[in-house]
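Residue numbers (our numbering): 47 to 421.
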């Protein structure tokens, strides 16, 4: 395996740990540990909300951390926090310790996002950077598949699930420690300047809309599945979402063939279709199609915005990634906040139709060709 492929593979397994295993397993396992820890809906929602805030804090803190630490060191700190958070979840007897673990995992995921952008910038040849970023994002899907399979096998023994997650994460951390490269940051003369942060204004608006368009799915798709005759195979939907996420790694190839503008439009249309087809009927195959398509489009979109932000923030790509993910998180927070009211008023069908429309609206905030010119 050459050095560039080694970096990409390391990124995939690290993101699988930081996102798929550490950050997203909470939602899948909530029905299993909720009763044991006497978690009310209010408490579980509060833990999730604080975890979201610490995720944003992790992203924003990168603006200052990058001045003092190597990307490799930041990733190792992130991974160590993931291990500590997972250990808390495994041993917790009461919800305060469990909640602290979830909150730590949120911050760890925030730290894991930007460093790979700088590593790719410095260590991967220019013609392969977009494709490399796309494949690293598929780690989200890989992690979801692992979590879904493990929970399906283990069932309601959630402590065993977290013990397995911890062992897998330990292996990933050892591999990352051996393979993550050091990056020379001495040539960077970066200052946190609002003029730099908002240079990609249209991209920020578009990313917020993407966050809104994906928020209802992440929050309520499993709850909707529980209302259908297919709740006995609910883990299969989670696994297929992960499979779609892995397929989303082909965003780099699509971008090279079609161009980012056309791929952006395609992404918006497919996300709208994924939202609508989940609830248009309770047909099993159509719902599986919707879930797989959503996973594909979510990771696909990460690739599209990675291309866009790399052109907007040419000198400091890590900043572009931070801005992109903070904007995405802001959109998801806003979308999640509104979705509860919309669900109560319009039901599942109305909710997903509305968010499908939000996804389609994003077509009007596509990048211009001149914004994407290679520099």
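A virtual CB, placed ideally from N, CA and C, is assigned to each residue, including glycine.
Since the model is a prediction, treat every value here as computed from it, not as a measurement.
Spatial distance of residue i from residue j (CA atoms)
i: residue 341; j: residue 114; result: 35 Å
i: residue 279; j: residue 187; result: 19 Å
i: residue 223; j: residue 275; result: 45 Å
i: residue 226; j: residue 351; result: 24 Å
i: residue 210; j: residue 129; result: 12 Å
i: residue 74; j: residue 208; result: 12 Å
i: residue 60; j: residue 345; result: 15 Å
i: residue 269; j: residue 93; result: 18 Å
i: residue 311; j: residue 409; result: 5 Å
i: residue 72; j: residue 134; result: 13 Å
i: residue 248; j: residue 267; result: 29 Å
i: residue 343; j: residue 355; result: 18 Å
i: residue 421; j: residue 180; result: Because residue 421 carries a pLDDT of 36, less than 50, the predicted location of this residue cannot be relied on, and no value is offered for it.
i: residue 334; j: residue 283; result: 6 Å
i: residue 246; j: residue 384; result: 26 Å
i: residue 214; j: residue 127; result: 15 Å
i: residue 323; j: residue 386; result: 20 Å
i: residue 292; j: residue 337; result: 13 Å
i: residue 204; j: residue 388; result: 32 Å
i: residue 313; j: residue 83; result: 40 Å
i: residue 164; j: residue 326; result: 42 Å
Selected residue, minimal CA-CA separation from residue i, among the options
i: residue 162; options: 359, 175, 140, 201; result: 175
i: residue 80; options: 391, 138, 56; result: 138
i: residue 95; options: 57, 135, 150; result: 150
i: residue 178; options: 383, 408, 160, 54; result: 54
i: residue 169; options: 147, 198, 160, 229; result: 229
i: residue 108; options: 306, 65, 369; result: 369
i: residue 406; options: 294, 394, 252; result: 252
i: residue 86; options: 292, 289, 140; result: 140
i: residue 67; options: 263, 99, 148, 172; result: 148
i: residue 305; options: 353, 325, 391, 326; result: 353
i: residue 105; options: 393, 371, 403, 391; result: 371
i: residue 217; options: 391, 122, 262; result: 122
i: residue 173; options: 299, 125, 367; result: 299
Any non-hydrogen atom of the ligand PLP within 7 Å of residue i CB
i: residue 171; result: Although the ligand PLP was asked about, the structure shown includes no ligands whatsoever.
Whole-angstrom C-beta distance between residue j and residue i, which should lie under 8 Å
i: residue 401; j: residue 202; result: Actually they are not in contact, since the Cβ atoms of residue 401 and residue 202 sit about 31 Å apart, beyond 8 Å.
i: residue 254; j: residue 377; result: 4 Å
i: residue 101; j: residue 347; result: Rounded, the Cβ-Cβ distance is 18 Å, inconsistent with contact.
i: residue 58; j: residue 156; result: Their Cβ separation, rounded to whole angstroms, is 19 Å, which puts residue 58 and residue 156 out of contact at 8 Å.
i: residue 339; j: residue 290; result: 6 Å
i: residue 17; j: residue 321; result: What is shown of the chain runs 47 to 421, which leaves residue 17 out entirely.
Collapsed DSSP secondary structure at residue i in the structure displayed
i: residue 103; result: helix
i: residue 351; result: helix
i: residue 276; result: coil
i: residue 247; result: helix
i: residue 228; result: coil
i: residue 201; result: coil
i: residue 359; result: coil
i: residue 413; result: coil
i: residue 391; result: helix
i: residue 52; result: helix
i: residue 66; result: helix
i: residue 170; result: coil
i: residue 262; result: helix
i: residue 86; result: coil
i: residue 160; result: coil
i: residue 12; result: The structure shown does not extend to residue 12, since the chain is modelled only from 47 through 421, so no value can be given for it.
Self-check item: alpha helix (DSSP H) runs contained entirely in the segment 289-347, provided each spans 4 or more residues
Solution: 297-304, 306-325, all fully within the segment 289-347.
Practice problem: Entirely within the segment 111-150 and at least 4 residues each: give me those alpha helix (DSSP H) ranges in chain order. | Solution: With a minimum length of 4 residues, the unbroken runs of alpha helix (DSSP H) contained wholly in the segment 111-150 fall at 117-137.
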